[in-house]
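Note that the protein sequences, when read in sequence, are chains A and B.
Per this note's numbering, residue 150 is the first one in the first sequence, and the count goes up by one each step.
Per this note's numbering, residue 29 is the first one in the second sequence, and the count goes up by one each step.
Just so you know, even glycine gets a beta-carbon here, dropped at the ideal spot from N, CA and C.
Predicted model, so just to flag it, every value in this text is computed and none were measured.
Data block below; observations after.
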Amino acid sequence: MAQQHWETCLKFLEKELASEEFNTWVRPLQVKSRKDQTVLSAPNEYVRDYIALHHLERIRDIFEHLGHSREQVHIEVGSEEPAIAPVAGKARQPLQTGLDPRYSFDNFVTGKSNELAFAAAQQVAQKPGTTYNPLVLYGGTGLGKTHLLHGAGNFIHRRNPRAKVLYLHSERFVSEMIQALRRDTIEQFKQHYRSAEALLIDDIQFFSGKDRTQEEFFHTFNALLDSKQQIILTCDRYPKEVKGIEARLRSRFGWGLTVAIEPPDFETRVAILLNKAQERDIALDDAVAFLIAKRMRSNVRDLEGALNSLIAHSRFTGRPITEPFAKEVLRDLLMVHDRLITIENTQKTVAEYYKIRVSDLLSRRRSRNIARPRQMAMALTKELTEHSLPEIGDAFGGRDHTTVLHACRKIAELCDTDGRIREDKAKLVRLLTA
Amino acid sequence: MSLFSPQIPLQLHPRRPDRFEDYIPGPNLAAAAAVRDLCSQPGASLFVSGPASTGKTHLLNALCTETRGDGRMAWYIGLKRMDKSARAGLKGLKGLVCFDDLHAVAGDRDWEEALFHCFNEVLASEGQVAVASQQPLSAIDFALPDLASRMAWGVRVQLEPLPEADRLLVLRARAKSLDFELPEEVEQFLLRRISRDLGSLLGALEKLHRGALAGKRRVTVPLAREVLVAELGGEGAAQAD
């Protein structure tokens with residue numbers, strides 16, 4: 150009956166309210182009966198308060214007209230399925246792991262940029278709690294950190310289905326903790342996470358500035374480590390560089406193994422595309438994979454997005470995925486690439502990154518703080534554009550092509566030996582190609 | 029308060045919920061089909077871009093209508109009209125979540141963070157996210173690279189402006205959804221005299237409709253001249269048609 154009356158009520162409100170107001174706030178509400186009460190269910194407190202302030206009186210008017218008393222109509226925040234496992238003593242139900250079964254080690258494409266992280270995640274999954282603890286995977290967005298996190302979790306869980314493996318995004322940890330504090334269930338919250346055999350938390354940079362969460366996480370962390378339970382974390386940068394994270398927590402992040410995931414190289418990008426296409430039963434032409442992989446360098450999610458768009462457009466236009474078709478569908482993306490990757494823009498981006506002037510890059514000055522960024526800018530220009538060595542030399546204050554060649558070799562060499570330079574280069578490539 | 033005294037009479041007559049069947053695709057037939065396909069893709073996302081008046085809002089609302097028709101939850105969230113406090117309203121959403129006018133909040137780190145978390149939460153629960161913006165993804169200056177990369181994950185659809193013949197069809201369809209016939213001479217008057225973009229035309233149409241209802245008059249060219257003084261640049265009444 151409540152459902153039927155709510156439908157009638159919606160019909161009135163739809164006539165009375167602006168369609169956006171109605172569609173955004175009112176229509177998605179759920180209704181349920183509890184004894185003789187009609188309860189509207191909102192997804193969060195904000196929506197509840199908004200409805201209570203702007204629309205509840207009117208809703209009560211209508212329900213009154215339909216034979217209810219005004220006091221019988223309420224709005225509350227809908228109960229979420231509890232993420233917290235049942236308390237001890239009750240029958241054990243299948244555990245909510247939060248793991249996505251689509252991500253496994255088997256469908257993770259490896260290359261030079263991620264093989265170390267892949268190997269570390271595999272080792273940890275094979276012997277959780279005993280090899281590297283915690284394992285921290287860090288790198289830019291869309292490079293496969295979350296894939297490895299789920300992959301490790303799924304591996305552990307498959308080997309031992311009774312193991313309590315918990316995957317969650319840092320934001321969920323924060324919001325569950327806030328809810329537990331409000332509902333006075335913080336002890337259950339602590340018990341839930343401290344009893345995990347493997348705790349996998351994504352994007353810990355979002356703990357930044359959240360002191361109470363960090364405090365709780367610190368104790369969870371210690372409890373898990375003490376009892377040799379595995380922790381795997383991901384972060385968008387080197388974890389010790391995240392601002393707003395307490396020093397004691399940052400230092401603990403470094404106790405196990407911290408591994409970077411770099412943007413994939415060309416061959417890996419092609420392999421990823423062909424692999425993803427195969428998963429979807431699409432025979433992707435090599436030329437198309439090369440076209441996308443050549444232009445989209447910054448992250449795997451972009452590659453997937455390009456492929457998703459190609460497949461959808463091909464399906465709905467009935468046209469095969471050829472190189473010209475790909476150029477047409479992805480024109481916006483390819484155009485951006487061409488717009489960003491010019492000698493001038495590379496110089497400007499590198500100068501801004503190292504906080505020097507473009508004129509310094511073009512000058513004759515040879516001090517280290519100028520020479521190294523200049524070499525970086527030359528190497529990036531060679532790598533990302535089609536310009537020849539003499540053209541690049543000319544654009545950098547009329548230098549000889551051998552100077553450019555030397556710069557390219559020097560930067561390649563430093564990338565193998567100096568983590569900082571490697572990271573600078575990865576960040577700059579991302580800035581220029583994102 | 030009586031049942032029949034509307035609280036906020038912003039609309040004299042509600043429009044039917046937007047549906048895919050009522051979308052006039054013009055050059056966007058494949059694009060509209062790609063948007064509709066989101067309904068059958070749990071855990072997927074979509075990014076729709078296109079200039080004003082290409083039907084982005086219609087398509088998002090049509091997605092909502094179709095999803096609700098299947099008995100699932102759907103949220104349409106017009107970011108242009110949301111104030112900062114509404115960020116808290118993005119928590120716990122499930123089902124289909126449509127964000128319109130992304131350009132209105134892009135670059136605002138707090139908003140982007142709220143959208144990012146919402147995106148993760150919805151997709152993790154096998155829901156779907158559809159986002160519309162006037163600018164293509166590549167032209168948006170995101171403050172949070174994580175959000176940019178989430179947005180780039182799904183299918184991207186770019187809508188093209190409608191040619192004049194299709195704009196006329198849209199105008200007629202809108203008149204029909206408001207339950208009135210648009211006489212041919214009024215159509216021609218609107219097309220010739222109002223700014224050619226579809227948004228202005230539809231705005232003029234709705235104003236004309238309100239004028240007709242309020243004055244209990246038929247929709248005619250003289251009524252259009254009277255009601256649309258502002259749209260005609262103040263010279264509508266004086267200038268011979």
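Contacts that residue i makes with chain A (C-beta to C-beta distance below 9 Å)
i: B/Asn56; result: In chain order: nothing, as chain A lies at least about 11 Å away.
For residue i, the residue or residues it bridges with in DSSP
i: B/Ser73; result: B/Val157
i: B/Phe127; result: B/Ile105, B/Val159
i: A/Ala409; result: A/Tyr287
i: B/Lys119; result: B/Lys119 is not bridged to any residue.
i: A/Ala347; result: A/Val314, A/Gln379
i: A/Glu225; result: A/Ser190
i: A/Arg183; result: A/Gln186
i: B/Gln186; result: B/Ser77
i: A/Cys384; result: A/Tyr287
Supposed contact pair residue j and residue i - C-beta distance, whole angstroms, cut 8 Å
i: B/Asp129; j: B/Ala90; result: So it is not a contact: roughly 17 Å between Cβ atoms.
i: A/Trp174; j: A/Val196; result: 7 Å
i: A/Ala528; j: A/Ile560; result: 4 Å
i: B/Leu124; j: B/Thr95; result: 4 Å
i: B/Leu229; j: B/Arg195; result: 7 Å
Interface partners of residue i on chain B, CB under 7 Å
i: A/Ala461; result: Ala62, Asp65, Val183
i: A/Thr187; result: Simply none; closest approach about 16 Å.
i: A/Phe465; result: Ala58, Ala61, Ala62
i: A/Asn172; result: Asn89, Cys92, Tyr104
i: A/Gly300; result: Ordered by position in chain B, no residue passes the 7 Å Cβ test against A/Gly300, which lies about 16 Å from the chain.
i: A/Ser458; result: Val183, Arg184
i: A/Gly454; result: Ala180, Trp181, Gly182, Arg184
Amino acids of chain A, ordered along the chain, whose beta-carbon sits closer than 8 Å to that of residue i
i: B/Asp138; result: Going along chain A, no residue has its Cβ under 8 Å from B/Asp138, so there is no contact; the nearest lies around 12 Å.
i: B/Ser177; result: Thr290, Gly291, Asn448, Arg450, Asp451
i: B/Asp174; result: Thr290, Asp352, Asp385
Proximal residues of chain A, C-beta to C-beta of residue i below 7 Å
i: B/Thr145; result: The identity of residue 145 of chain B in the sequence shown is His, whereas the question assumes Thr. Within chain A, the residues near B/His145 are Glu320.
C-alpha gap between residue i and residue j, whole angstroms
i: A/Ser344; j: A/Leu374; result: 11 Å
i: A/Ala167; j: B/Ala158; result: 22 Å
i: A/Gln242; j: A/Lys261; result: For A/Gln242, the pLDDT reaches just 40, beneath the cut-off of 50, and the residue's location in the model is therefore unreliable, although a value from the coordinates is still provided. Going by the C-alpha atoms only, they are around 42 Å apart.
i: A/Tyr387; j: A/Gly288; result: 7 Å
i: A/Asp255; j: A/Gln340; result: 33 Å
i: B/Lys235; j: B/Arg202; result: 12 Å
i: B/Met179; j: A/Thr362; result: 28 Å
i: A/Leu398; j: A/Phe367; result: 6 Å
i: B/Leu165; j: A/Ala191; result: 31 Å
i: A/Tyr199; j: A/Gly216; result: 25 Å
i: A/Leu317; j: B/Arg238; result: 52 Å
i: B/Phe144; j: A/Ser357; result: 16 Å
i: A/Glu584; j: A/Val226; result: Here chain A covers residues 150 to 583 and nothing more, so residue 584 of chain A does not appear.
i: B/Ser223; j: B/Glu140; result: 34 Å
i: A/Ile327; j: B/Leu66; result: 33 Å
i: A/Ile311; j: A/Gln245; result: The sequence shown places Arg at residue 311 of chain A, rather than the Ile named in the question. Looking at the two C-alpha atoms, the distance is approximately 12 Å.
i: B/Leu121; j: B/Trp103; result: 8 Å
i: B/Leu210; j: B/Val247; result: 7 Å
i: A/Ser447; j: A/Tyr252; result: 21 Å
i: A/Pro469; j: A/Ile460; result: 9 Å
i: B/Ala193; j: B/Ala61; result: 21 Å
i: B/Glu254; j: B/Ala240; result: 11 Å
i: A/Leu298; j: B/Gly155; result: 21 Å
Contact list for residue i against chain B, beta-carbon separation under 9 Å
i: A/Thr195; result: A small fix is needed here, since residue 195 of chain A is Tyr in this sequence, not Thr. Those within 9 Å of A/Tyr195 in chain B are Ser113, Ala114, Arg115, Ala116, Gly117, Leu118, Lys119.
i: A/Pro177; result: Cys92, Arg96, Met101, Ala102, Trp103, Tyr104, Leu121, Gly123
i: A/Gly482; result: Before going further, note that residue 482 of chain A is Leu rather than Gly in the sequence given. Per Cβ cutoff of 9 Å: Pro164, Leu165, Ser166, Ala180, Arg184.
i: A/Pro310; result: The premise fails here: A/Pro310 is roughly 21 Å from chain B at the closest Cβ pair, so nothing lies under 9 Å.
Status (buried if at least 16 other CB within 10 Å, exposed otherwise) for residue i
i: A/Ala240; result: Its pLDDT being 37, under 50, A/Ala240 is placed unreliably by the model, and the measurement read from it follows with that caveat. The residue is exposed, with fewer than 16 neighbouring Cβ atoms inside 10 Å.
i: A/Ala556; result: buried
i: A/Lys276; result: exposed
i: B/Pro250; result: exposed
i: A/Gly467; result: exposed
i: A/Arg207; result: buried
i: B/Asn148; result: buried
i: A/Asn371; result: exposed
i: B/Arg115; result: buried
i: A/Phe267; result: buried
i: B/Thr85; result: buried
i: A/Ser319; result: buried
i: A/Thr566; result: exposed
Residues that residue i contacts on chain B, provided the C-beta gap is smaller than 8 Å
i: A/Glu169; result: Tyr104, Gly106, Arg109
i: A/Ser324; result: Lys119
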